[in-house]
Amino acid sequence: MAQAEENMRFHEIFHIEGGDFTNAGAISSRVKKILKEAGFPGQIILRTSIATFEAEMNVICYANQGSLSLFIAPNFLKVVVEDEGTGISDVNLAMKEGYSTADDRVRELGFGAGMGLSNIRRNTDEMVLTSRLGRGTHLEFVISLEGADRSVPLLSSGG
Amino acid sequence: MKLREIRDILTAEVITADANLEKEIKYGFAADLISDVLALGRVTGVQTLLITGIIHPQVIHASNIFDLGAIIFVRGKRPVEATLQLAIENQIPLLVTPYIMYETCGRLYQHGIKPSIARVKNGPG
Chain A
8 MAQAEENMRF
18 HEIFHIEGGD
28 FTNAGAISSR
38 VKKILKEAGF
48 PGQIILRTSI
58 ATFEAEMNVI
68 CYANQGSLSL
78 FIAPNFLKVV
88 VEDEGTGISD
98 VNLAMKEGYS
108 TADDRVRELG
118 FGAGMGLSNI
128 RRNTDEMVLT
138 SRLGRGTHLE
148 FVISLEGADR
158 SVPLLSSGG
Chain B
742 MKLREIRDIL
752 TAEVITADAN
762 LEKEIKYGFA
772 ADLISDVLAL
782 GRVTGVQTLL
792 ITGIIHPQVI
802 HASNIFDLGA
812 IIFVRGKRPV
822 EATLQLAIEN
832 QIPLLVTPYI
842 MYETCGRLYQ
852 HGIKPSIARV
862 KNGPG
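What follows is the structure in structure tokens.
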């Protein structure tokens, strides 16, 4: 990893304001634009954008503020999301599909189905989540650029 | 099916100026949760119509991620101004239909619009 980081081609940090639902998704849109302009394959852009959107929403829904850093290395993309907020009391429980602590306001806006973290895991190759209750949460995920077209959709296509 | 035909079937109003009504739509996906769009809406992209009651700007950001073809708001719901502006910037056509979600989906299905995903793989049965 140390060697890879020396080869880092791109690094950008975005600030996320907790509770700012009006701009929810704006950072993911910017990340998607950066990756599109850099010429990454569609599946890589899609997976990174979905995971980034979910992570961004988690900060907006549950934290006071946070940051999202995008790293582009020759062999992988890495996103680090750090926030100051309530934190997560049980990380394993939070990873379970359908588990959610979202309040009514969050649910009214169409979020809080308890699918976010598992959707991040599904779309990434590595994911690490740590949290301190009352302090904040640290999330990192990596999307490998080797064998970029090997992504296996979990869901069957329609028809 | 062209977006123009979808507009007619659903007696919908196109609310984004200069929307491309010749756009071809083959698939539909209905959800009132952004979480579901993000978890399930990933398969068919540009030829997909999102059927929803979510009128906030994040519905445009989510649609943008999947390069969705168009969005139709059900139950006569009209999006807030920020949503409209963002849709115009991103060239995503927006429509409003007076029909409820069930009727909207039923009419589209009857006219051959397929689901973008028919069922989840890891569900029961």
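Sequences listed follow chains A and B, in order.
Residue 132 in our numbering sits at position 125 of the first sequence, and the numbers go up by one each step.
Residue 816 in our numbering sits at position 75 of the second sequence, and the numbers go up by one each step.
Just so you know, even glycine gets a beta-carbon here, dropped at the ideal spot from N, CA and C.
Taking 7 angstroms as the CB-CB limit, is residue i close to chain B?
i	result
L77 (chain A)	no
S56 (chain A)	yes
S158 (chain A)	Since pLDDT at S158 (chain A) reaches only 43, below the 50 mark, its modelled position is unreliable, and the value read off the structure follows with that caveat. No, S158 (chain A) lies away from the interface with chain B (no Cβ there is under 7 angstroms from its Cβ).
M122 (chain A)	yes
N126 (chain A)	yes
L152 (chain A)	no
G32 (chain A)	yes
F60 (chain A)	yes
Look at the alpha carbon of residue i and the alpha carbon of residue j, and state the distance between them as a whole number of angstroms.
i	j	result
S138 (chain A)	I95 (chain A)	6 angstroms
K43 (chain A)	I747 (chain B)	30 angstroms
L774 (chain B)	P798 (chain B)	13 angstroms
F28 (chain A)	I67 (chain A)	7 angstroms
R848 (chain B)	G119 (chain A)	30 angstroms
T55 (chain A)	E104 (chain A)	20 angstroms
G794 (chain B)	G117 (chain A)	9 angstroms
H22 (chain A)	G92 (chain A)	14 angstroms
N65 (chain A)	L835 (chain B)	27 angstroms
Q50 (chain A)	V861 (chain B)	20 angstroms
V98 (chain A)	I813 (chain B)	37 angstroms
L75 (chain A)	E147 (chain A)	10 angstroms
M102 (chain A)	S125 (chain A)	6 angstroms
Y843 (chain B)	Y106 (chain A)	27 angstroms
Counting only Cβ pairs nearer than 7 angstroms, list the residues of chain A close to residue i.
i	result
D773 (chain B)	G117
Please check if any C-beta of chain A sits within less than 7 angstroms of the C-beta of residue i.
i	result
A780 (chain B)	yes
S804 (chain B)	no
Can you round the beta-carbon distance between residue i and residue j to whole angstroms, since I take them to be within the 8 angstroms contact cut?
i	j	result
G769 (chain B)	L790 (chain B)	5 angstroms
G32 (chain A)	E61 (chain A)	In fact, because the Cβ distance is near 10 angstroms, the residues do not count as touching under 8 angstroms.
A58 (chain A)	G25 (chain A)	Going by Cβ atoms, the distance from A58 (chain A) to G25 (chain A) rounds to 19 angstroms, so no, they are not a contact pair.
A803 (chain B)	V778 (chain B)	5 angstroms
N831 (chain B)	I801 (chain B)	6 angstroms
L825 (chain B)	T757 (chain B)	7 angstroms
Output, in chain order, the set of chain B residues within a Cβ distance shorter than 7 angstroms of residue i.
i	result
T29 (chain A)	P798, A823
Which residues in the same chain as residue i place their Cβ atom closer than 6 angstroms to its Cβ, once the five residues preceding and following it in sequence are excluded?
i	result
R128 (chain A)	M134
R157 (chain A)	Note on R157 (chain A): pLDDT 42, under 50, position unreliable in the model; no value is reported.
E19 (chain A)	L77
In chain A, what lies closer than 9 angstroms to residue i by C-beta?
i	result
I873 (chain B)	Because chain B spans 742 through 866 in this model, residue 873 (chain B) falls outside it and cannot be assessed.
Please list the partners that residue i has in chain A, where partner means a Cβ-to-Cβ separation under 8 angstroms.
i	result
D777 (chain B)	A120, M122
For residue i, which residues in the same chain have their Cβ closer than 8 angstroms to its Cβ, ignoring the five residues on either side in sequence?
i	result
S163 (chain A)	Unreliable placement is indicated for S163 (chain A), whose pLDDT of 34 sits below 50; the coordinate value is still reported in the next sentence. Nothing listed; no residue qualifies.
R745 (chain B)	L762, E763
F17 (chain A)	I41, A45, L77, F78, I79
G853 (chain B)	M742
L161 (chain A)	Summary for L161 (chain A): the model assigns pLDDT 39, below 50, so the residue's position carries little reliability; its value from the coordinates is reported in the next sentence. These residues qualify, in order along the chain: R129.
Who are the neighbours of residue i on chain B, taking C-beta pairs under 9 angstroms?
i	result
S35 (chain A)	H802, A803, N805, I806
Show which residues of chain B have a CB atom less than 8 angstroms away from the CB atom of residue i.
i	result
K39 (chain A)	N805, I806
Could you pull out every residue in the same chain whose Cβ sits closer than 7 angstroms to the Cβ of residue i, ignoring the five residues on either side in sequence?
i	result
V38 (chain A)	T55, S56, T59, L77
D132 (chain A)	V149, I150, S151
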